[in-house]
Structure formats: structure tokens, C-alpha cells
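K.L.:
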Amino acid sequence: MPGPLLHVKDLRVRYVPESGGKVQALEGLNLEILPGEVTGILGESGSGKSTLASTLLRLLPASAECSGCVVFEGEDLLTAAESKLRRIRGSKIALIPQDPAVSLNPVTRVGEQISEVLRAHLRLSRSERKQRVRQLLVEVGFEDVDRIVDAYLHQLSGGQRQRVVIAQAIACRPSLIIADEPTSKLHSELHCQILALLANTVAQHDTALLLITHDPTILAGFADRLMVMYAGRLIEQGPAESVMRRPLHPYTRALIGLIHGQTSGIRASHLPFIPGEMPNPLHVMPGCRFEPRCSEKMDVCATTDPQTFSPESSRLVSCLKYGN
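The sequence shown begins at 117 in the numbering used here and counts up one residue at a time.
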């Protein structure tokens with residue numbers, strides 16, 4: 117079995133805003149991503165998923181304090197020189213953001229924007245870059261390549277913009293792609309198309325994919341492994357099929373139950389949701405972070421911070437139910 121492509125150890129991130137206080141965004145994360153593997157990160161808004169994506173590429177704001185290790189191909193990205201990081205970003209690790217409009221320049225043609233990625237990382241002639249841009253656009257499903265090459269952002273639909281961003285991401289054949297909610301800005305009919313495109317990219321180029329989402333249906337049948345985040349912590353990890361079929365943590369059960377509207381207390385006339393709110397990161401309370409919302413809580417959960425347990429092979433869960 118190959119060693120990990122990415123190894124994260126005891127990763128902690130907190131924001132120290134000028135207004136005062138400290139916001140604990142990530143707390144003691146440990147995870148590994150294997151070459152060619154699709155890893156899903158699942159959690160509600162505010163769970164720390166996007167902060168994790170930014171931290172892996174060291175794209176955090178100045179107000180962030182970070183500790184731990186993020187080792188990629190033997191290099192700790194948290195301590196690497198900025199010049200080294202610039203060479204890694206885009207060439208070895210690529211990011212697909214939530215909103216394509218954020219990463220695409222509205223006054224530059226699509227072809228030139230993809231060509232800029234190639235020019236920054238690969239030694240190709242101008243004609244080679246032009247040919248490669250057209251090849252990439254075909255790979256991501258465009259048939260009218262001539263039009264797309266010369267198009268501006270406002271001339272593209274949401275799905276077309278996302279395809280262009282994916283073309284940028286795969287341009288240099290990276291070892292790892294981080295996709296942060298890649299379908300959240302798209303109509304539901306486009307979800308399957310974009311996921312199929314990502315799946316084809318992973319299979320064709322043996323690329324590892326870290327797929328971040330709040331929607332369990334995005335990961336079903338796609339991810340190899342699944343990691344669930346809550347309030348800046350990883351609370352469950354395991355083979356995706358096992359976690360989806362038989363979740364161990366009450367929060368994971370609640371999330372997956374939303375697929376079928378099975379969460380307790382939900383009325384049919386309302387959209388499904390998990391009752392309660394994510395804890396305030398400015399005021400970290402003792403005990404399990406999910407305890408105020410948990411339908412399976414015990415008295416000890418309010419005062420005892422759960423450790424990570426392995427109740428069965430290849431499964432990890434942070435819940436006191438499994439501590440005996």
C-alpha cells in the first residue's frame with residue numbers, strides 16, 4: 117500500500133480578530149490522503165471545512181494563527197518558503213473554489229487565463245500552450261472550443277464557468293485537487309455532470325481528490341473515504357461506503373438522515389434540518405461540542421471531551437458511547 121500523499125498532524129487554526137477574542141476554527145485535526153484516492157469531507161456550514169482547504173494551501177488571512185504539520189510529498193507546507201509554495205500551488209496541488217467567479221478574471225479571455233497557469237508552471241512554447249488549452253477544454257466537456265477560448269466570464273453559464281475552473285485545476289496534472297463545494301453554486305441538474313467530470317479526471321490521471329461538501333448525496337458512491345467535521349474537529353472517519361451505510365457518530369447519523377428526511381422531530385412540511393445550532397467558536401464550552409444538539413447524549417457528554425476511538429477496523433469516531 118502506498119504511503120500518504122498528504123499527512124496532516126494535530127492541525128490547529130484560530131483567528132485573532134482586531135475586535136478581540138479568539139475564534140477556534142480547527143482543533144487537533146489528523147488525517148491522511150493517499151495517492152489517487154477520493155476523500156470526502158462532510159459537514160454543515162461553519163464546521164471548518166473551507167478553513168481546512170485554505171490551510172492546506174496556506175492561504176489563511178493574516179489574523180490566523182496556525183500550528184501542527186501539513187506534510188505533502190515530504191515537505192511541511194506550514195513552514196515551507198513562500199517561493200516553494202507558489203511552485204506547489206497550481207502545479208502539484210490545485211484548488212477548485214466554491215464560486216468560479218472568484219477565481220476567473222472578468223476582463224481576460226478564458227483561453228488566456230488557462231494559458232497563464234501553464235506559463236507559470238510548465239516550459240511550453242506559445243503554440244504548445246494554445247494547443248494544450250484547447251485539449252483541456254475538450255477534456256472538460258466543451259464542444260464549441262473556438263467560442264469558449266475567446267469568451268469572457270459574463271458570456272459563460274454557471275456550469276461552463278465551473279468547467280473552465282476545472283480545466284485550470286487539471287492543467288498541470290496535479291497530484292492533489294481540493295474541490296471546495298464544487299457544485300454548491302450550480303443548478304441541481306448540473307451536479308451529476310460536474311461530479312462525473314471530476315471522477316473521470318481522478319481515474320484518468322490517478323489524481324487524489326479532496327471533495328468538501330455539506331451534502332452527503334454528493335459523496336455517495338463517489339468517495340473512497342469519508343471524514344466528518346463538526347465545530348472544527350474531525351469526529352468520524354472511515355471507508356465511505358461503511359460510514360454512509362452505518363454511521364457511528366450521532367451527528368453523522370443526523371446528517372445522513374437528512375437525505376431521506378428521517379431526522380427526528382422534522383415535519384414533512386418543512387425542509388429537513390438538524391435542530392439546534394453550531395457552537396459559538398468564541399466561547400468554547402467543556403464536553404462534546406455536539407452535546408447540546410445530540411438526541412443520544414449522556415450526562416457525561418456535557419463535561420467530558422471525547423477522545424477518538426476505533427470501535428472497528430478502519431473506523432474512527434469521537435464519541436463517548438464508544439469509550440467502554
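Every residue, glycine too, gets a C-beta built ideally from N, C-alpha and C. Note that the structure is predicted; figures quoted are calculated from it, not measured.
Among all the DSSP beta bridges, which residues are the ones paired with residue 346?
P.N.:
On the sequence shown, position 230 is the one that residue 346 refers to. The beta-bridge partner set that DSSP reports for residue 346 consists of 349.
K.L.:
Let me know if residue 133 comes out buried or exposed under the rule of 16 or more other beta-carbons within 10 Å of its beta-carbon.
P.N.:
Along the sequence shown, read from residue 1 onward, the residue named residue 133 stands at position 17. It counts as exposed.
K.L.:
Under three-state DSSP, which class holds residue 426?
P.N.:
Reading the sequence shown from its first residue, position 310 is the one you call residue 426. The answer is strand: DSSP assigns residue 426 an E or B state.
K.L.:
In chain order, what residues of the same chain lie with their CB nearer than 8 Å to the CB of residue 332, ignoring the 5 residues before and after it?
P.N.:
Residue 332 sits at position 216 when you count from the first residue of the sequence shown. Answer for residue 332: 158, 360, 371, 372, 374 and 375, listed in chain order.
K.L.:
Assuming contact is defined by CB atoms lying nearer than 8 Å, are residue 366 and residue 425 in contact in what I supplied?
P.N.:
Position 250 of the sequence shown holds residue 366. Position 309 of the sequence shown holds residue 425. For residue 366 and residue 425, no; Cβs fall outside 8 Å.
K.L.:
Are the region 227-246 and the region 186-197 in contact at 8 Å, needing three or more beta carbon pairs?
P.N.:
no
K.L.:
Please classify residue 389: is it buried, with 16 or more other beta-carbons within 10 angstroms of its beta-carbon, or exposed?
P.N.:
The count along the sequence shown starts at 1 and reaches residue 389 at position 273. It is exposed - the Cβ of residue 389 has fewer than 16 other Cβ atoms within 10 Å.
K.L.:
Just verifying my parser: in three-state terms, what is the DSSP assignment at residue 301?
P.N.:
Stepping through the sequence shown from its first residue, residue 301 is reached at position 185. Coil, per DSSP.
K.L.:
Can a CB atom of chain D be found closer than 8 Å to the CB of residue 437?
P.N.:
The chain inventory of the structure shown lacks chain D, comprising one protein chain alone.
K.L.:
For residue 369, collect the residues of the same chain with a Cβ closer than 6 Å to its Cβ; drop the 5 residues on either side in sequence, then sort them by chain order.
P.N.:
Looking up residue 369 in the sequence shown gives position 253. The beta carbon of residue 369 sits closer than 6 Å to those of 363, all from its chain and outside the five residues before and after it, given in chain order.
K.L.:
From the DSSP secondary-structure annotation, give me the bridge partner or partners of residue 188.
P.N.:
Taking the first residue of the sequence shown as 1, we reach residue 188 at position 72. According to DSSP, residue 188 bridges with 122 and 191.
K.L.:
Less than 8 Å between the C-beta atoms of residue 288 and residue 233, yes or no?
P.N.:
For the purposes of this step, residue 288 is taken as the residue at position 172 of the sequence shown. For the purposes of this step, residue 233 is taken as the residue at position 117 of the sequence shown. Yes, the pair counts as a contact, with Cβ atoms nearer than the cut-off.
K.L.:
Looking at the strands, I want to know which residues DSSP matches up with residue 295.
P.N.:
By one-based count along the sequence shown, residue 295 stands at place 179. Answer is 212 and 327, bridged to residue 295.
K.L.:
For residue 210 and residue 315, which I take to be in contact (beta-carbon distance under 8 Å), what is that distance rounded to the nearest angstrom?
P.N.:
As a position in the sequence shown, residue 210 is number 94, starting the count at 1. As a position in the sequence shown, residue 315 is number 199, starting the count at 1. Going by Cβ atoms, the distance from residue 210 to residue 315 rounds to 16 Å, so no, they are not a contact pair.
K.L.:
Assess contact between the region 172-180 and the region 349-356, defined as three or more Cβ pairs (one per stretch) separated by less than 8 Å. Is contact present?
P.N.:
no
K.L.:
State the Cα-Cα distance for the pair residue 137 and residue 309, rounded to the nearest angstrom.
P.N.:
The residue labelled residue 137 in the question sits at position 21 within the sequence shown. The residue labelled residue 309 in the question sits at position 193 within the sequence shown. Their Cα atoms are separated by approximately 43 Å.
K.L.:
Please confirm whether residue 223 and residue 313 have their CB atoms less than 8 Å apart.
P.N.:
Along the sequence shown, one-based indexing puts residue 223 at 107. Along the sequence shown, one-based indexing puts residue 313 at 197. Not closer than 8 Å, so no.
K.L.:
Rounded to the nearest angstrom, what separates residue 342 and residue 253 at their Cα positions?
P.N.:
Mapped onto the sequence shown, residue 342 falls at position 226. Mapped onto the sequence shown, residue 253 falls at position 137. Near 30 Å, if we compare the C-alpha coordinates of residue 253 and residue 342.
K.L.:
Would DSSP call residue 435 helix, strand or coil?
P.N.:
Translated into positions along the sequence shown, residue 435 becomes position 319. Coil at residue 435, not helix or strand.
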